[in-house]
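All remarks here apply to the structure that follows.
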Amino acid sequence: MNWGVLLFPGSNCAEDCFHAIDQVLQKPVKYLWHKDTDLGDVDAIIIPGGFSYGDHLRPGAIAHFSPAMTAVKEFAANGGLVIGICNGFQILTESKMLPGSLMQNRGLKFLCQDQTLKVDNADTPFTSEYKSGDTVVFPIAHNEGNYYAAPETIAEMEANGQILFRYSNPAGLVNDETNPNGSINSIAGIVNRKGNVMGMMPHPERSSDITLGLSDGKGVFVSMLKHLESHQSRN
Amino acid sequence: MSKMKVGMEEKLWIKAGLTDSEYELLTSHMGREPNTVELALYAQMWSEHCGYTHTRPLFKHFLTTGPRIVQGPGENAGIVDIDDDEVITFKLESHNHPSAIAPFQGAATGVGGIIRDILAMGAYPIASLNSLHFGHPGNEGNTRWLISEVIHGIGEYGNCVGVPTVGGEVRFSNAYKGNPLVNAMCVGFMKKSQIKKAIATGVGNSLMIVGNLTGRDGMGGASFASKDLEEENDADRGAIQVGDPFMEKLLIEACLEVFEEDYVVGVQDMGAAGILSSSVETASKAGNGVEIDVALVPKREAKMRPEEVMISESQERMLLIVKKGMEDKVNKIFHKWDLHAVVIGHVTDDGMYRVLEDGKKVGEVPVWSLMDAPTYLLEAEEPAHLKHTLSFRNEDVAVPEDLHAVLIKMLGAPDICSKEWVYRQYDFRVQMNTVVKPGSDAAILRIKGRDKGVGITMDSNGRYCYLNPRRGAQSIVAESARNQVVSGAEPIAITDGLNFGNPEKPEVYYQLEQSILGISEACRALDTPVIGGNASLYNQTPEFGAIYPTPIIGMTGLVKSLKHVTTMEFKQAGDFIVLIGETKAELGASEYLDWIHGLVMGDVPELDLKLERKSQDYILAVIRKGLVQSAHDLGDGGLAVALAESCIAGDLGADISLDLDIRSDALLFGESQTRFMLSATGKSVDSLIQMAAEKGIEAAVIGRVTKNKQIVINNLGSNLININLAECATAFNTGFDKLMKSDR
Numbered sequence: 074m075n076w077g078v079l080l081f082p083g084s085n086c087a088e089d090c091f092h093a094i095d096q097v098l099q100k101p102v103k104y105l106w107h108k109d110t111d112l113g114d115v116d117a118i119i120i121p122g123g124f125s126y127g128d129h130l131r132p133g134a135i136a137h138f139s140p141a142m143t144a145v146k147e148f149a150a151n152g153g154l155v156i157g158i159c160n161g162f163q164i165l166t167e168s169k170m171l172p173g174s175l176m177q178n179r180g181l182k183f184l185c186q187d188q189t190l191k192v193d194n195a196d197t198p199f200t201s202e203y204k205s206g207d208t209v210v211f212p213i214a215h216n217e218g219n220y221y222a223a224p225e226t227i228a229e230m231e232a233n234g235q236i237l238f239r240y241s242n243p244a245g246l247v248n249d250e251t252n253p254n255g256s257i258n259s260i261a262g263i264v265n266r267k268g269n270v271m272g273m274m275p276h277p278e279r280s281s282d283i284t285l286g287l288s289d290g291k292g293v294f295v296s297m298l299k300h301l302e303s304h305q306s307r308n
Numbered sequence: 021m022s023k024m025k026v027g028m029e030e031k032l033w034i035k036a037g038l039t040d041s042e043y044e045l046l047t048s049h050m051g052r053e054p055n056t057v058e059l060a061l062y063a064q065m066w067s068e069h070c071g072y073t074h075t076r077p078l079f080k081h082f083l084t085t086g087p088r089i090v091q092g093p094g095e096n097a098g099i100v101d102i103d104d105d106e107v108i109t110f111k112l113e114s115h116n117h118p119s120a121i122a123p124f125q126g127a128a129t130g131v132g133g134i135i136r137d138i139l140a141m142g143a144y145p146i147a148s149l150n151s152l153h154f155g156h157p158g159n160e161g162n163t164r165w166l167i168s169e170v171i172h173g174i175g176e177y178g179n180c181v182g183v184p185t186v187g188g189e190v191r192f193s194n195a196y197k198g199n200p201l202v203n204a205m206c207v208g209f210m211k212k213s214q215i216k217k218a219i220a221t222g223v224g225n226s227l228m229i230v231g232n233l234t235g236r237d238g239m240g241g242a243s244f245a246s247k248d249l250e251e252e253n254d255a256d257r258g259a260i261q262v263g264d265p266f267m268e269k270l271l272i273e274a275c276l277e278v279f280e281e282d283y284v285v286g287v288q289d290m291g292a293a294g295i296l297s298s299s300v301e302t303a304s305k306a307g308n309g310v311e312i313d314v315a316l317v318p319k320r321e322a323k324m325r326p327e328e329v330m331i332s333e334s335q336e337r338m339l340l341i342v343k344k345g346m347e348d349k350v351n352k353i354f355h356k357w358d359l360h361a362v363v364i365g366h367v368t369d370d371g372m373y374r375v376l377e378d379g380k381k382v383g384e385v386p387v388w389s390l391m392d393a394p395t396y397l398l399e400a401e402e403p404a405h406l407k408h409t410l411s412f413r414n415e416d417v418a419v420p421e422d423l424h425a426v427l428i429k430m431l432g433a434p435d436i437c438s439k440e441w442v443y444r445q446y447d448f449r450v451q452m453n454t455v456v457k458p459g460s461d462a463a464i465l466r467i468k469g470r471d472k473g474v475g476i477t478m479d480s481n482g483r484y485c486y487l488n489p490r491r492g493a494q495s496i497v498a499e500s501a502r503n504q505v506v507s508g509a510e511p512i513a514i515t516d517g518l519n520f521g522n523p524e525k526p527e528v529y530y531q532l533e534q535s536i537l538g539i540s541e542a543c544r545a546l547d548t549p550v551i552g553g554n555a556s557l558y559n560q561t562p563e564f565g566a567i568y569p570t571p572i573i574g575m576t577g578l579v580k581s582l583k584h585v586t587t588m589e590f591k592q593a594g595d596f597i598v599l600i601g602e603t604k605a606e607l608g609a610s611e612y613l614d615w616i617h618g619l620v621m622g623d624v625p626e627l628d629l630k631l632e633r634k635s636q637d638y639i640l641a642v643i644r645k646g647l648v649q650s651a652h653d654l655g656d657g658g659l660a661v662a663l664a665e666s667c668i669a670g671d672l673g674a675d676i677s678l679d680l681d682i683r684s685d686a687l688l689f690g691e692s693q694t695r696f697m698l699s700a701t702g703k704s705v706d707s708l709i710q711m712a713a714e715k716g717i718e719a720a721v722i723g724r725v726t727k728n729k730q731i732v733i734n735n736l737g738s739n740l741i742n743i744n745l746a747e748c749a750t751a752f753n754t755g756f757d758k759l760m761k762s763d764r
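These protein sequences, in sequence, are chains E and V.
Under this note's numbering, the final residue of the first sequence carries the number 308; numbering is consecutive throughout.
Under this note's numbering, the final residue of the second sequence carries the number 764; numbering is consecutive throughout.
Take a look at the structure:
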């Protein structure tokens, strides 16, 4: 079960994602370089957070044109698991691998805090370790995390169970007050229609190592791992 | 070259910032008069900012060695040993004048600059902190804008470059109205074997410039920082650099990749006075000469004069001294990161600093002479205000009737209230090492793969140093160390940021000298050597005068096991609350006098450094024994504020009964030194008290943690405070928001 962490110039969470797989999950993981066209033998790809290409133009806008993203699209088209975290989510929306886009936070400021999320759909390869309705704490750290998509797109995503996480309070209440950045329907994380490409603004990797006091996020990677293992054993 | 000579009658050296006697000295060093290029070299290298002309003679007071000190002052940053052949390196640096004029870029480039100092040691930068001082943000003036922009600049740079901003302080006084202070600190981690030095050894080795292009930005920044900040200095706007954190991120990655190979003999970041100072310092250290051709320097502007290229402070550049023959290999790694590494000169054996332009010599002076900036022992005179401020007696102010209201007001005081408004704009978790996040006494970072960590703090108190520079400075070092021990860290060493007014004024020089003595005494008593630092003088404006004398202490400590990590919040109802140390009737210099009574008066509270050391050793010992649930030092706002902070953070109440025969405001808000508040379970509390008795330290159980959310303080049987926790929390948590909201 090989994991790949895609490294762009400016990806400053790549090592954190690497750590989550290598040290917390204790599974094989390697870096994938943005200039590569062949990603080699990987079963899951993490597009980490950070400021790829310095966020020049728009977060994620330049990364989408990198040679590696063409390969990632092909990987996803063949059913491979892809998760984009923070800037990785922005890259996935810019690449149209996920619907919608991420605008500047409504408070117009960068926001770093430990954020409660409510699990909306636990029946996916990214969330099977949770139960729908669970609350979990993942850190957020972003300036452009205000998710938006057209109303008909949102309606479709809601109907298909494509919303995986919403911003909430510790009691699981989801409303405007518990929404840190203005995201439509308090959306924190989504999955594509096919169910194999996921993007979220909060950082599950930062919530994976109990030494730092938070470990709810480990479930995302364990869910992916279990999916891959069951998938592999069926083959 | 005769045409380029500087005529005595024109006194161009005065314009360049040199005095007549300095000019005389440099001509005698050279044996002739300098040309314009050479004059510019001296003007920059002999400025206070590069040459420490006023502060160097005072540094001899500092203790700079110790069992854990691997590298003291003299390199880009000091290094301390944290066991297992691992070290951390840290330093702080001021960016006050740039931040006063262009706060976003000034603060951002301050962060970038100190990160490169750490990188130049060969280390991976693992944490940033900053100490910020502003005027009170009223509706007049530009203070709110300054605050917003500075914080935005720090956040934007630190977040993008991927170094977590984990702590620091934001303090307010109108002493900083015209001249805010922005001091940034960075901490790096590496294995002992990875240490790099700023040295140009090996004749024939190449000087390579890496990173950004060179432009006219930041021209003369070093000398700009070495004079008073005046209105006319808006013309110095060109002296402010522009930051590119994305470039810095790439520079970090590329440099560390190069350092893994055996290509590089020396590294220096390009800070103040750019190519010039970085190359002079490396050559001087090796006793070699260097030759640099300005035409080879990659530039972003046309027609730059040789001296402009030499002193430009364009950001995100480093100087590498590369082994002859390895240049292509270095360039290949930089190319991978879409950066360049360009040979601009080489190391020579003649001890001369030679500047060429297209192969033609345009300047040549002895390397040693550039490093030999004259130093000045200036006249010191006790500031006149001390007679008045020391005349304060507690009786001069009445005990307020409504202590409840005073506590609420204190919790919302700018220096005390929660700074979450600030630190939520900083990514404090990237790199996944942050065990204790901002808002605590010390930030704690773990060292990956080990059960240990480092404590990092940044502290100051300008008011204390204004009222008693010597004891004030001692108190800041002591407080820094208190913040370390209550967090479970053993203090290791400090870096100091000396922010003062114009030292040529005898009263300012007195403050500078006394503060340095105070720091030095406390560091000896607490075994925390000074491993480097920064001086920022001339912090004054014609309108507001000199700033408070503001030495800022950046300290690191070693957490030997992460099990020792301790935080300030109360953990569970029923725990016993223990007060360590003696509470005296001391109101002088307190936040309370300033914020409630509007008085910056009195003397700094007494401080016994021997007792301090003993008490800190005790705190660390009981924490390591696992006897303590929470620990907090008593600082700004005294006992009542510390108690409220522990209650708010833990969302628990407290019921306190004291037995002290001193006036109630001094009891609640006085800032008697060397005090701590611990909480402990019923099982541990007796050992806690017993161990204190054995060590001769005053310790008393003063109450319990309660689950009813009320803070109650009684003294001698009568009630002083009985207040709802939610009311305290609101005052504490919304204080900064209120400060930043315009009433208009």
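We treat Cβ as the ideally placed atom computed from N, Cα and C, and that holds for glycine.
Small disclaimer: the values here were computed from a predicted structure and weren't measured.
Asked: Between Asn85/E and chain V, is the shortest Cβ-Cβ distance under 7 Å, so that the two count as touching?; Found: yes
Asked: If the cut-off is 9 Å on Cβ atoms, which residues from the segment 262-285 of chain V count as contacting chain E, listed in chain order?; Found: Asp264, Pro265, Phe266, Met267, Lys269, Leu270 and Glu273
Asked: Please classify Val419/V as buried or exposed, where buried requires at least 16 other C-beta atoms within 10 Å of its C-beta.; Found: exposed
Asked: Report yes or no: is there a C-beta of chain E within less than 7 Å of the C-beta of Phe448/V?; Found: yes
Asked: In angstroms with no decimal places, state the Cα-to-Cα distance between Gly153/E and Ala117/E.; Found: 6 Å
Asked: According to DSSP, simplified to helix, strand and coil, what is Tyr104/E?; Found: strand
Asked: Go ahead and pull the three-state DSSP assignment for Trp357/V.; Found: coil
Asked: Taking C-beta pairs closer than 8 Å, name the residues in chain V that Gly272/E reaches, listed in chain order.; Found: Going along chain V, no residue has its Cβ under 8 Å from Gly272/E, so there is no contact; the nearest lies around 19 Å.
Asked: Which one of Gly646/V, Gly737/V, Ile676/V and Ile567/V has the shortest CA to CA distance from Leu201/V?; Found: Ile567/V
Asked: Thr454/V versus chain E: which residues are under 7 Å apart at the beta carbon?; Found: Leu285
Asked: Where do the ends of the alpha helix (DSSP H) carrying Val585/V lie?; Found: First-last for Val585/V: undefined, no H or E at that position.
Asked: Return the residues of the segment 121-132 of chain V that lie within a Cβ-Cβ distance of less than 8 Å from chain E, sorted by chain order.; Found: none
Asked: Between which two residues does the beta strand (DSSP E) harbouring Asp313/V extend?; Found: Gly309 to Asp313
Asked: So Val483/V is in the alpha helix (DSSP H); what residue range does that whole segment cover?; Found: The question names Val, but residue 483/V is Arg in the sequence shown. Segment Gly482 to Leu487, the alpha helix (DSSP H) holding Arg483/V.
Asked: Name the residues in the segment 428-447 of chain V whose C-beta lies less than 7 Å from a C-beta of chain E; which are they?; Found: Arg444, Gln445, Tyr446 and Asp447
Asked: So, is the C-beta of Arg279/E closer than 7 Å to a C-beta in chain B?; Found: The structure shown has no chain B; the protein chains it does contain are E and V.
Asked: Give a yes or no on whether the C-beta atoms belonging to Met141/V and Gly231/V are separated by under 7 Å.; Found: no
Asked: Mind listing which residues of the segment 577-591 of chain V have their C-beta closer than 9 Å to chain E's C-betas, in chain order?; Found: Leu582
Asked: In chain V, which residues lie with their C-beta within 8 Å of the C-beta of Asp289/E?; Found: Those do not exist, as Asp289/E stays about 14 Å from chain V at its closest Cβ, beyond 8 Å.
Asked: Grab me the residues of Val295/E's own chain with a C-beta within less than 6 Å of its C-beta, minus the 5 sequence neighbours each way, in chain order.; Found: Glu202
Asked: Suppose contacts are defined by Cβ-Cβ distances below 7 Å. Is Pro121/E in contact with Ala149/E by that definition?; Found: no
Asked: Name, please, each residue of chain E whose Cβ falls closer than 7 Å to the Cβ of Asn744/V.; Found: Per Cβ cutoff of 7 Å: no residues; Asn744/V is ~21 Å from chain E at best.
Asked: In whole angstroms, give me the CA-to-CA distance for Val181/V and Asn739/V.; Found: 52 Å
Asked: Could you tell me the alpha carbon to alpha carbon distance between His617/V and Pro569/V, rounded to whole angstroms?; Found: 22 Å
Asked: Give me the Cβ distance between Leu390/V and Leu61/V, rounded to the nearest whole Å; I'm assuming they're in contact under 8 Å.; Found: 6 Å
Asked: Using a Cβ-Cβ distance under 7 Å, would Arg466/V count as near chain E?; Found: yes
Asked: Quick one: using the 10 Å Cβ neighbour count with 16 as the cut-off for buried, is His129/E buried or exposed?; Found: exposed
Asked: Taking Leu59/V as the reference, give the member of Val375/V, Ala306/V, Leu546/V and Cys275/V with the closest Cα.; Found: Val375/V
Asked: So does the segment 577-593 of chain V actually touch the segment 487-495 of chain V, counting three or more Cβ pairs closer than 8 Å?; Found: no
Asked: Quick one, are the C-beta atoms of Gly690/V and Glu606/V less than 7 Å apart?; Found: yes
Asked: Classify Glu252/V as buried or exposed, calling it buried when 16 or more other Cβ atoms lie within 10 Å of its own Cβ.; Found: Low per-residue confidence applies at Glu252/V: pLDDT is 48, beneath 50, and the placement is therefore not dependable, though the value from the model is reported in the following sentence. Under this definition Glu252/V is an exposed residue.
Asked: How many Å lie between Ala306/V and Ala220/V at the Cα?; Found: 6 Å
Asked: DSSP puts Ile167/V in a beta bridge; with which residues?; Found: Bridge partners of Ile167/V: none, in fact.
Asked: Considering only the alpha carbon of each residue, which of Ala393/V, Gln335/V, Ser119/V and Glu268/V lies closest to His69/V?; Found: Ala393/V
Asked: Mind pulling the beta strand (DSSP E) runs of 3 or more residues that sit fully within the segment 77-165 of chain E?; Found: 102-106, 117-120 and 154-158
Asked: Gly263/V and Gln335/V - do their beta-carbons sit closer together than 7 Å?; Found: yes
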